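Novice: First residue of the sequence shown? That's 0 in numbering that gives the first Met the number 0, and the numbers climb one at a time after it. All C-beta atoms, glycine included, are put in the ideal place defined by N, C-alpha and C. These numbers come from a predicted model, not from an experiment.
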Amino acid sequence: MSIDLTNAVRIVEKAFLPLQGEVRQDPSDASFSFTVTDGRRVLASVAHVARSQYSHAGHLAALIEQTRLELARDGHSLEPWSMPG
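(1) Tell me whether residue 58 sits in a helix, a strand or coil according to DSSP, three-state version.
(2) Taking the alpha carbon of residue 50 as the reference point, which residue from 36, 30, 73 and 37 has its own alpha carbon closest?
(3) Between which two residues does the alpha helix (DSSP H) harbouring residue 40 extend?
(4) Give me the residue from 27, 42, 47 and 80 with the minimum Cα distance to residue 69.
(5) Give me, in chain order, the residues of the same chain whose beta-carbon lies closer than 8 Å to that of residue 33; leave out the 5 immediate sequence neighbours on both sides.
(6) Quick one: give me the first and last residue of the beta strand (DSSP E) that residue 78 is part of.
(7) Ends of the beta strand (DSSP E) at residue 20?
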């Protein structure tokens, strides 16, 4: 399944609930970066997600799962999540 930038942003925004996934798009190269916050402070960040990383569902899912794992290791509880099909 191929994912466009708009859908990738939506997926990331919902992947870290109840925390907040905040996405910044870079239209110059169709990439984005994101941070995960608790509303007050940044808990995790990914500086650059290239089109090649998010356009393939498996690659985007792996990136999200890795970030979720890091948050869980730091003691943050997240709602269950799976890659939308």
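Specialist: On the basis of the coordinates in this document:
(1) Walking along the sequence shown from the start, residue 58 turns up at place 59. Helix at residue 58.
(2) Here residue 50 corresponds to residue number 51 of the sequence shown, with the count starting at 1. Taking residue 50 as reference, the option from 36, 30, 73 and 37 with the minimal CA-CA separation is 30.
(3) To locate residue 40, count along the sequence shown from 1; it is residue 41. Secondary structure note for residue 40: it is in no alpha helix (DSSP H), with a DSSP letter that is neither H nor E.
(4) Your numbering for residue 69 matches position 70 in the sequence shown. Considering only alpha carbons, the answer is 42.
(5) Taking the first residue of the sequence shown as position 1, residue 33 is located at position 34. 11, 20, 21, 22, 23, 44, 45 and 48, listed in sequence order.
(6) In the sequence shown, counting from the first residue as 1, residue 78 sits at position 79. For residue 78, no beta strand (DSSP E) segment is defined, and its DSSP state is neither H nor E.
(7) The residue you call residue 20 lines up with position 21 of the sequence shown. Start and end: 19 to 25.
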